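> My structure is below; once you've seen it, I'll send some questions.
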Amino acid sequence: MGAALVRQLCAQGYSVAAVARRRELLDALAEDAGGGPGRVLAYAHDVNSIDEIPGIFESIVHDLGGLDFYVYAAGVMPGVGPEEYDTEKDLAMVDVNLGGAIAWTNPVARYFHSQRAGTIVGIGSIAGDRGRKGAPVYGATKAALATYLESLRNRLAERAVRVVTIKPGMIETPMTEHLDKLVMPISAEKAAKDILKVSRGRLWNERHVPLRWLGVSMIIRSIPSFLFRRTNI
Amino acid sequence: MDSAARIQRRVRRETRPRQAFEYVEGWGMAVGAESRVWKPTSAHEVSEVFDQVRSRGTTLAMRGSGCSYGDASINSRGDVLDIRGMNRILEFNEDTGIANCEAGVTLRDLWRHSLPRGYWPRVVSGTMFPTLAGAAGMNIHGKNNYKVGTIGDAIQDIDVVLPTGELVTVSRAERPELFHGIIGGFGMLGAITRVRIATKRIHSGDIDVCGISSANLTEMMAYMDAHTGDADYLVGWLDCFAKGAALGRGLIHHARYLAPGDDPEPERTLTIDHQELPGSILGFPKGEVWRILKLFSNDYGMRLMNFTKHQMGKLEQRNGWHRQSHAGFNFLLDYVPNWKFAYGRSGGDGLIQYQVFLPAESAQAGLTAVLERCQKRLHVSYLGVLKRHRPDPFLLTHGLDGWSLAMDFKVTSANRGDVWRTTDELTRIVLDHGGNFYFAKDAVIGPKTTRQMFGEERLAKFRELKEALDPEDMLQTDLSRRAFGSGGDFTSVPPPAPSVGV
Chain A
0 MGAALVRQLC
10 AQGYSVAAVA
20 RRRELLDALA
30 EDAGGGPGRV
40 LAYAHDVNSI
50 DEIPGIFESI
60 VHDLGGLDFY
70 VYAAGVMPGV
80 GPEEYDTEKD
90 LAMVDVNLGG
100 AIAWTNPVAR
110 YFHSQRAGTI
120 VGIGSIAGDR
130 GRKGAPVYGA
140 TKAALATYLE
150 SLRNRLAERA
160 VRVVTIKPGM
170 IETPMTEHLD
180 KLVMPISAEK
190 AAKDILKVSR
200 GRLWNERHVP
210 LRWLGVSMII
220 RSIPSFLFRR
230 TNI
Chain B
0 MDSAARIQRR
10 VRRETRPRQA
20 FEYVEGWGMA
30 VGAESRVWKP
40 TSAHEVSEVF
50 DQVRSRGTTL
60 AMRGSGCSYG
70 DASINSRGDV
80 LDIRGMNRIL
90 EFNEDTGIAN
100 CEAGVTLRDL
110 WRHSLPRGYW
120 PRVVSGTMFP
130 TLAGAAGMNI
140 HGKNNYKVGT
150 IGDAIQDIDV
160 VLPTGELVTV
170 SRAERPELFH
180 GIIGGFGMLG
190 AITRVRIATK
200 RIHSGDIDVC
210 GISSANLTEM
220 MAYMDAHTGD
230 ADYLVGWLDC
240 FAKGAALGRG
250 LIHHARYLAP
260 GDDPEPERTL
270 TIDHQELPGS
280 ILGFPKGEVW
290 RILKLFSNDY
300 GMRLMNFTKH
310 QMGKLEQRNG
320 WHRQSHAGFN
330 FLLDYVPNWK
340 FAYGRSGGDG
350 LIQYQVFLPA
360 ESAQAGLTAV
370 LERCQKRLHV
380 SYLGVLKRHR
390 PDPFLLTHGL
400 DGWSLAMDFK
410 VTSANRGDVW
420 RTTDELTRIV
430 LDHGGNFYFA
440 KDAVIGPKTT
450 RQMFGEERLA
460 KFRELKEALD
470 PEDMLQTDLS
480 RRAFGSGGDF
490 TSVPPPAPSV
500 GV
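Here the protein sequences line up with chains A and B, keeping their order.
Per numbering that gives the first Met the number 0: the first sequence = residues 0 to 232.
Per numbering that gives the first Met the number 0: the second sequence = residues 0 to 501.
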């Protein structure tokens, strides 16, 4: 999804800094977008390396000549069996989905605060709307992320900084490849297009992508707990 | 990595001195830049910051509360040292009124400490938020400049961390050339970390104030000149839109301290409660009042506001003498928090302040020419403030036996070039009349103006000090590069407007 966002922003003429783990994929992405009107600057970095973050962030702002739009799209969702209680696997998820998000978004928020402008976009999930059997920690990290972003939104509102939480439904990305079947799937390109549209608008603070998931989410959230535990959602 | 190690890794110790990467802007919002901002909490940490900045080969700007309107505390090519973490009042002598403070103490901290003990800072600016380090670095003045001089005149001694890392104490007796160079030296010679400053005995928390409406500039200057002897504070507000015979009409505020016994209940007025500024204005919470001002933030609206204020001034004169709290009288700029937002909040919007100083003999002619030129160029200041000044012994001082007029010009991304051209014309008028400028309020002047207003001799002395204390030229700001370069322009090139938004 991050790659799709980079390609689209670049095609629209923006200078984009792409931060990801794998150097070869980043370089391919930079090359791919290179023909467009914008430019892509690639930074290889693992969000688990928290100590690197302030330095990389500084160089990004210097290299781009400023910053006004930021998306945190890193996330992992390893398969978790119905009777699996693996702390290491779960904490790895917390590290990337939540720890990395906080470690990156904090300096960005401070910078936007001082700049009195900017947009922060975080990728939550429909999985954060309800505690499901299948993904206890994944759902919890996404719920926590949504709450964290809501706090930032309230904190930064008086500084004219916008904070958007995107809650994607099922998107065809490498993260969901191992799932058997996707319900109402859309492509990463379509999702990225929606995300940019929503983030530029003023209407939504939290938005399901695609929007039809909002209806689904409302239904799921309204199921009483004693019934919800009998379902296989 | 096992999970225990992973958890341990996440608990990191914060590095000292603290630092953050931020967008740093001048108070007027028209100029700014990204910088690593260092936030030391002791003189030792300040010298550590110097070490780190030097080892990375970059430059460093000094910053207090960032109240300078322009680029005095901005460094688009390096780091920034924010002194606000050092904010303890170390000692206050209740017999002499001398306060010994860390340099990040603000004027607000100082008066809130001294007032209940019967003292008021001798010199305060129109806002209470500047730090003592910033105030000393810019050598700020108040509405009583003609009487008591600048804040430098009230300072007894200062501690300074020199770029070499050495901590020195300087005063009028101890290394006076450093004392007179660093005060007013706009952070070019070292970091001020402690200030010992004298305050004034007061016998009431109130002050006697009288408004005098004046029909034009001549009348206003005549009144102020006639009362420099008996007034403790004199300040003139000007309607810069008025033309012809009414040019420079406005309202003078004449204030004097109360003598012992004048105030029937000093124990009530000498409290912080009594000094609090009103929480709302005409029923609006004051934090939101800028939104209303914004509706008037155009030439028509401001013409109306200035006209209305002038008429209100006539009413105020009829009321005669009345009492106002010290904070209420002095900190006019703090009544409406963030009033600068009225000039717009998006990237590139804001204001610059432009304050011209003219010697007494040519002030009348110079100020008239300045006001008329603004009107001709259709860049009329939305606020004009006239003050009387006196000379002081500091090296790069703006003080002179004469007058100053402070003006606010609205800046947008579109009108920058035009505003800068207007100020260029004004700068030439001021220099022709033997005038000068003041760095806390400046965003425009170029090297040629600096050379002309200070003269080669004073500049050479300053360069000599800079050479000796900071041979690597580590301490720099956008201001120092703009106004002390080698170029031959009266006015600098306007900095590009920050562009924001996807």
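All C-beta atoms, glycine included, are put in the ideal place defined by N, C-alpha and C.
Keep in mind the model is a prediction, meaning the values are calculated, not measured.
(1) Mind the definition here: the stretch 203–211 of chain B touches the stretch 319–331 of chain B only if three or more C-beta pairs lie below 8 Å; say whether that holds.
(2) DSSP three-state call for Glu315 (chain B): helix, strand or coil?
(3) Could you check whether the Cβ of Phe20 (chain B) sits closer than 9 Å to any Cβ belonging to chain A?
(4) Please list the residues of the stretch 339–350 of chain B that have a C-beta atom closer than 8 Å to any C-beta atom in chain A, keeping them in chain order.
(5) Quick check: the Cα distance between Leu382 (chain B) and Ile191 (chain B), rounded to an integer number of angstroms?
(6) Measuring alpha carbon to alpha carbon, tell me which of B:Ser403, B:Leu377 and B:His378 ends up nearest Lys504 (chain B).
(7) Against chain C, with Cβ distances strictly below 9 Å, would Gly31 (chain B) count as a contact?
(8) For the structure I just gave you, are there three or more beta carbon pairs, one from the stretch 68–79 of chain B and one from the stretch 90–108 of chain B, closer than 8 Å?
(9) Any beta carbon from chain A within less than 9 Å of Val169 (chain B)'s own beta carbon?
(10) Where DSSP assigns a beta bridge to Gly121 (chain A), which residues make up the other side?
(11) Is it buried or exposed for Ile218 (chain A), if we count other Cβ within 10 angstroms and need 16 for buried?
(12) Thinking C-alpha only, which one of A:Pro106, A:Met169, A:Gly80 and A:Thr146 is nearest Asp50 (chain A)?
(13) Should Ala2 (chain A) and Ala187 (chain A) be called a contact, given that it needs their Cβ atoms to be closer than 9 Å?
(14) Determine whether the Cβ of Gln114 (chain A) lies closer than 9 Å to any Cβ atom of chain B.
(15) Closest to Ala156 (chain A) by C-alpha separation, out of A:His61, A:Glu176, A:Ala10 and A:Arg201, would be which residue?
(16) Going by CA-CA distance only, name the one from B:Ile82, B:Pro392 and B:Met452 that's closest to Gly148 (chain B).
(17) Nearest to Phe461 (chain B) by alpha carbon, out of B:Gly180, B:Thr411 and B:Thr40?
(18) Would you mind sorting Glu266 (chain B) into buried or exposed? The rule is 16 or more other CB atoms within 10 Å of its CB.
(19) Taking the C-alpha atoms as reference points, what is the distance between Gly164 (chain B) and Val429 (chain B)?
(20) With a threshold of 9 Å between beta carbons, is Ala17 (chain A) in contact with chain B?
(21) Compare the beta carbon distance of Leu350 (chain B) and Tyr68 (chain B) with 9 Å and say whether it is the shorter of the two.
(22) From the DSSP output, in three-state form, read off Val107 (chain A) for me.
(23) Can you look up Ile157 (chain B) in the DSSP assignment and give me helix, strand or coil?
(24) Tell me whether Ile251 (chain B) sits in a helix, a strand or coil according to DSSP, three-state version.
(25) Can you grab the Cα-Cα spacing for the pair Ser46 (chain B) / Ser479 (chain B), in whole Å?
(26) Just to confirm the assignment: which complete beta strand (DSSP E) runs, minimum length 3, are found wholly within the stretch 33–82 of chain B?
(27) CB-CB under 8 Å to Phe20 (chain B), same chain, minus the five flanking residues each way: which ones, in chain order?
(28) If you reduce the DSSP assignment to three classes, tell me which class Gly500 (chain B) lands in.
(29) When DSSP labels each residue in this structure, what does Glu266 (chain B) get in the three-state scheme?
(30) Using DSSP's beta-bridge definition, name the partner residues of Leu357 (chain B).
(31) Give the straight-line distance between the Cα atoms of Pro284 (chain B) and Tyr118 (chain B), rounded to the nearest whole angstrom.
(32) I want to see whether chain B comes within less than 9 Å of Gly83 (chain A), judged by CB atoms only; does it?
(33) Where does Phe225 (chain A) land, buried or exposed, given buried means 16+ other C-beta within 10 angstroms?
(34) What residue ranges within the stretch 286–331 of chain B form continuous alpha helix (DSSP H) runs of no fewer than 4 residues, ordered along the chain?
(35) Determine the extent of the beta strand (DSSP E) in which Gly416 (chain B) is found, giving its start and end residues.
(36) Answer yes or no: do Pro376 (chain B) and Arg420 (chain B) have a C-beta to C-beta separation smaller than 9 Å?
So, to answer that:
(1) yes
(2) helix
(3) yes
(4) Arg344, Ser345 and Gly346
(5) 32 Å
(6) The structure shown does not extend to residue 504 (chain B), since chain B is modelled only from 0 through 501, so no value can be given for it.
(7) Here the protein chains are A and B, and chain C is not one of them.
(8) no
(9) no
(10) A:Tyr71 and A:Thr164
(11) exposed
(12) A:Pro106
(13) yes
(14) yes
(15) A:Arg201
(16) B:Pro392
(17) B:Gly180
(18) exposed
(19) 40 Å
(20) no
(21) yes
(22) helix
(23) strand
(24) strand
(25) 21 Å
(26) 58–62 and 77–81
(27) Glu33, Ser34, Arg35 and Val36
(28) Because Gly500 (chain B) carries a pLDDT of 49, less than 50, the predicted location of this residue cannot be relied on, and the following value inherits that uncertainty. Looking at Gly500 (chain B) - three-state DSSP - the assignment turns out to be coil, as it is neither helix nor strand.
(29) helix
(30) B:Trp402
(31) 30 Å
(32) The question names Gly, but residue 83 (chain A) in the sequence shown is Glu. Taking Cβ atoms only, chain B never reaches closer than 9 Å to Glu83 (chain A), which makes this a no.
(33) exposed
(34) 288–294, 298–318 and 325–329
(35) Run containing Gly416 (chain B): none in the beta strand (DSSP E); it sits in the alpha helix (DSSP H), Arg415 to Asp431.
(36) Per the sequence shown, the amino acid found at residue 376 (chain B) is Arg instead of Pro. Yes.
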